[in-house]
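Chemist: Protein chains in written order, with this note's numbering: chain A, 2 to 177; chain B, -18 to 69; chain C, 25 to 123. Virtual Cβ for every residue (Gly too), placed ideally from N, Cα, C. Since this is a predicted model, take the numbers as computed values, not measurements. I'd like to ask some things about the structure below.
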Amino acid sequence: MTFSFEIPLLLLLLVTAVGAVLVEDLISAILLLGSYSFFLALVWAWLGAVDVAFVEAVVGAGLATVLFLLTLFGTAPKVSRLRLPPPPMAALVSLPLLGLLLLYAANDLPQFGDPQSPPSTHISPTYLEQSYQDTHTPNVVTSILMDYRSLDTMIETVVIFTAGIACALLLRRHSS
Amino acid sequence: MKTFFFLVLLVLAILIGAYLYRVLQGPTIFDRLLGLNGISTKAIILLVLMGTVFERVDMFIDISTGYALLNLVGALAVAKYLEQKGLP
Amino acid sequence: MDILSVLFILAGLFFLIVAAIGVIRLPDVFSRAHAVSLTDSLGAFLMLVGLALHEGLSKNNLKIIAVLALLYIQNPVITHATIRAALRAGLKPWRRRPS
């Protein structure tokens, strides 16, 4: 388990992201975004977060591609080619600085899978031991999502439902 | 055995890079679509292989099944769109 | 059993490498489609058979075989739809220039 296979996957992810920004055609950008989120799903699957990877593969790579295409098909733009203006100077200076700041901040995070880090010494054992007595749900992830954070999950479902209704209303064909 | 599987994983990642070259380079949109189809095939194999490396195939095989089904829908949607719209 | 699965995986890897070389080197969409649909399907088939042999007889084995059947059907179908769209969009197949 000491192989770090995520590094080639992250390289592929980077190439796909840069390509999706630089490509001139909207459909090609949609296709590249689909493969981008699938590489992200592969990285998450390799790091062990299988449920997140499942959601990313199904929603990001499958459904979002079809939704983008339906939007392109329904709005039918005259020109599907993109002409990007050159980015402003302030963005070119400030964004790398922001990235450096984030990298500096990420130095303080504990290593991946570190058994001495605060989450794996305090939080994880508590949930693993007490979630069954608290909620009587055998799966720990389900108990956290559906019992400890049930209000959060409910409002998330409402948001997704509203977004679905709005998309259906926007993309509806007028039959007249 | 695990080292062998890891080498196979690396070779598959390099092959995905070859297909990605075609997706980025491809002169027409259909080249990109073909390259994307190749990438998704490799990625499905990669997921099953990852499950074999971790010895938890039961978790990883479900992702690959779901992705394979949705990939079929997505690719057919793109092909239908291009067939009706013509070359962009 | 392990030797058999390694042999299957290596054969599949060979076909996948041939398909990748074809995707890079062939001249146009219609010839690249051969590399993606035929060679790639065979490579994926051999590789998943090798993985199923390594897994042994279990419920997961059936799931791997289901993915295999799905991949074996969907790969040519997607390629066919793409190439039909390319033909209807008016792309001409590549020909060797008369010397």
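Alpha carbon to alpha carbon, how far is Arg108/C from Leu(-4)/B?
Modeler: Looking up residue 108/C in the third sequence gives position 84. Looking up residue -4/B in the second sequence gives position 15. Cα-Cα distance, rounded: 26 Å.
Chemist: Using a Cβ cut-off of 9 Å, pull out every chain C residue sitting near Phe(-15)/B, in sequence order please.
Modeler: On the second sequence, position 4 is the one that residue -15/B refers to. By Cβ distance, chain C contributes Val30, Ile33.
Chemist: Taking Glu7/A as part of the alpha helix (DSSP H), name the residues at either end of that continuous run.
Modeler: Taking the first residue of the first sequence as 1, we reach residue 7/A at position 6. That run of the alpha helix (DSSP H) goes 7 to 23.
Chemist: Can you find a C-beta in chain B that's less than 8 Å from the C-beta of Thr72/A?
Modeler: Within the first sequence, the letter at position 71 stands for residue 72/A. With 8 Å as the cut-off, Thr72/A does not count as an interface residue toward chain B.
Chemist: So, at 7 Å on beta carbons, what are the nonlocal neighbours of Ser45/B in its own chain, with the 5 sequence-adjacent residues on each side left out?
Modeler: Numbered from its first residue, the second sequence carries residue 45/B at position 64. Excluding sequence neighbours, Ser45/B sits near Ile25, Leu28, Val29.
Chemist: Helix, strand or coil for Glu79/C per DSSP?
Modeler: What you label residue 79/C is simply residue 55 of the third sequence in a count that begins at 1. Correct three-state label for Glu79/C: helix.
Chemist: Just the chain A side, please: which residues come within less than 8 Å of Val54/B by C-beta, in chain order?
Modeler: Translated into positions along the second sequence, residue 54/B becomes position 73. Correct list: Gly63, Val67.
Chemist: Taking only beta carbons into account, state which residues of the stretch 27 to 50 of chain B come closer than 9 Å to chain A, listed in chain order.
Modeler: Cβ contacts with chain A: Leu27, Leu28, Met31, Gly32, Val34, Phe35, Arg37, Met40, Phe41, Asp43, Ile44, Ser45, Gly47, Tyr48, Leu50.
Chemist: Any beta carbon from chain B within less than 8 Å of Lys87/C's own beta carbon?
Modeler: Position 63 of the third sequence, counted from the first residue, corresponds to residue 87/C. Yes - at least one Cβ of chain B is within 8 Å of the one on Lys87/C.
Chemist: Please report the straight-line C-alpha distance between Met25/C and Lys(-17)/B, rounded to a whole angstrom.
Modeler: Numbered from its first residue, the third sequence carries residue 25/C at position 1. Numbered from its first residue, the second sequence carries residue -17/B at position 2. Going by the C-alpha atoms only, they are around 16 Å apart.
Chemist: Terminal residues of the continuous alpha helix (DSSP H) containing Met40/B?
Modeler: The residue given as residue 40/B occupies position 59 in the second sequence. Where Met40/B is concerned, the enclosing alpha helix (DSSP H) stretches over 38 to 66.
Chemist: Could you spell out where the alpha helix (DSSP H) holding His58/C opens and where it closes?
Modeler: For the purposes of this step, residue 58/C is taken as residue 34 along the third sequence, with counting starting at 1. Note, His58/C: alpha helix (DSSP H), 53 to 58.
Chemist: Report yes or no: is there a C-beta of chain C within less than 8 Å of the C-beta of Leu1/B?
Modeler: Position 20 of the second sequence, counting from 1, holds the residue named residue 1/B. No, Leu1/B lies away from the interface with chain C (no Cβ there is under 8 Å from its Cβ).
Chemist: Under three-state DSSP, which class holds Leu50/C?
Modeler: Within the third sequence, numbered from 1, the residue matching residue 50/C stands at position 26. Coil.
Chemist: At a CB-CB cut-off below 7 Å, which residues of chain C make contact with Ile25/B?
Modeler: Reading the second sequence from its first residue, position 44 is the one you call residue 25/B. In chain order: Val91, Leu95.
Chemist: Quick one: is Leu63/B near chain C, going by C-beta distance under 8 Å?
Modeler: In the second sequence, residue 63/B corresponds to position 82, counting from 1. Yes, contact with chain C.
Chemist: Pull up the distance between the alpha-carbon of Asn85/C and that of Val73/C, whole angstroms please.
Modeler: Looking up residue 85/C in the third sequence gives position 61. Looking up residue 73/C in the third sequence gives position 49. Distance between the alpha carbons of Asn85/C and Val73/C is about 10 Å.
Chemist: Taking the beta carbon of Gln112/A as the centre, do at least 16 other beta carbons fall within 10 Å, making it buried, or is it exposed?
Modeler: Position 111 of the first sequence, counted from the start, is the residue given in the question as residue 112/A. Exposed: under 16 other Cβ atoms inside 10 Å.
Chemist: Within 8 Å of any Cβ in chain B, is that where the Cβ of Ser29/A sits?
Modeler: By 1-based counting over the first sequence, the position of residue 29/A is 28. Yes, because at least one Cβ of chain B sits closer than 8 Å to the Cβ of Ser29/A.
Chemist: With a cut-off of 8 Å, does the C-beta of Pro9/A fall near any C-beta of chain B?
Modeler: Here the question's residue 9/A lines up with position 8 in the first sequence. Taking Cβ atoms only, chain B reaches closer than 8 Å to Pro9/A, which makes this a yes.
Chemist: Quick one, are the C-beta atoms of Leu(-9)/B and Pro88/A less than 8 Å apart?
Modeler: Along the second sequence, one-based indexing puts residue -9/B at 10. Along the first sequence, one-based indexing puts residue 88/A at 87. Contact: no.
Chemist: Between Leu32/A, Cys168/A, Leu110/A, Val142/A, which has its C-alpha nearest Leu63/B's C-alpha?
Modeler: What you label residue 63/B is simply residue 82 of the second sequence in a count that begins at 1. The shortest Cα separation from Leu63/B among Leu32/A, Cys168/A, Leu110/A, Val142/A belongs to Leu32/A.
Chemist: Check whether the stretch 109 to 120 of chain C and the stretch 5 to 17 of chain B touch, using three or more Cβ-Cβ pairs below 8 Å as the test.
Modeler: Yes, they touch.
Chemist: Considering only the alpha carbon of each residue, which of Leu41/A, Val56/A, Asp26/A, Leu71/A lies closest to Ala169/A?
Modeler: Your numbering for residue 169/A matches position 168 in the first sequence. Looking at the Cα atoms, Leu71/A is the closest of the given residues.
Chemist: Have a look at Ile124/A and Ser132/A and give me their C-alpha separation to the nearest angstrom.
Modeler: On the first sequence, position 123 is the one that residue 124/A refers to. On the first sequence, position 131 is the one that residue 132/A refers to. Taking the straight line from one Cα to the other gives about 11 Å.
Chemist: Can you check which of these residues, Leu11/A, Pro97/A, Tyr37/A, is closest to Val22/A by C-alpha distance?
Modeler: Position 21 of the first sequence holds residue 22/A. The shortest Cα separation from Val22/A among Leu11/A, Pro97/A, Tyr37/A belongs to Tyr37/A.
Chemist: One question on the structure: do Leu129/A and Val141/A come within less than 8 Å of each other, judged by their Cβ atoms?
Modeler: The residue given as residue 129/A occupies position 128 in the first sequence. The residue given as residue 141/A occupies position 140 in the first sequence. Contact: yes.
Chemist: Does Ile28/A pass the burial test, meaning 16 or more other C-beta atoms within 10 Å, or should it be called exposed?
Modeler: In the first sequence, the residue the question calls residue 28/A occupies position 27. Ile28/A should be labelled buried.
Chemist: For Phe113/A, does the three-state DSSP call read helix, strand or coil?
Modeler: The residue given as residue 113/A occupies position 112 in the first sequence. Note: Phe113/A maps to coil in three-state DSSP.
Chemist: Check each candidate in Leu73/A, Met90/A, Ala62/A and name the one with the smallest Cα separation from Lys66/B.
Modeler: The residue given as residue 66/B occupies position 85 in the second sequence. Here the closest residue by C-alpha is Leu73/A.
Chemist: What do you reckon, are the CB atoms on Ala58/B and Thr106/C nearer than 8 Å?
Modeler: Along the second sequence, one-based indexing puts residue 58/B at 77. Along the third sequence, one-based indexing puts residue 106/C at 82. No, these two residues do not count as a Cβ contact at 8 Å.
Chemist: Under 8 Å Cβ-Cβ, which residues of chain C neighbour Ala60/B?
Modeler: One-based indexing of the second sequence puts residue 60/B at position 79. Result: Ile102, Ala105, Thr106, Arg108, Ala109.
Chemist: Going along chain E, which residues have a C-beta under 7 Å from Ala54/A?
Modeler: Looking for chain E here will not work: the only protein chains present are A, B and C.
Chemist: My output table needs one value for Met25/C: the three-state DSSP class, helix, strand or coil.
Modeler: Reading the third sequence from its first residue, position 1 is the one you call residue 25/C. In this structure, Met25/C counts as coil in the three-state DSSP scheme.
Chemist: Could you tell me the boundaries of the alpha helix (DSSP H) in which Phe55/A lies?
Modeler: Reading the first sequence from its first residue, position 54 is the one you call residue 55/A. 51 to 56 is the extent of the alpha helix (DSSP H) around Phe55/A.
Chemist: Do you know how far the Cα of Val160/A is from the Cα of Phe39/A?
Modeler: Working through the first sequence from its first residue, we reach residue 39/A at position 38. Working through the first sequence from its first residue, we reach residue 160/A at position 159. Rounded to whole angstroms, Phe39/A to Val160/A spans 24 Å at the Cα level.
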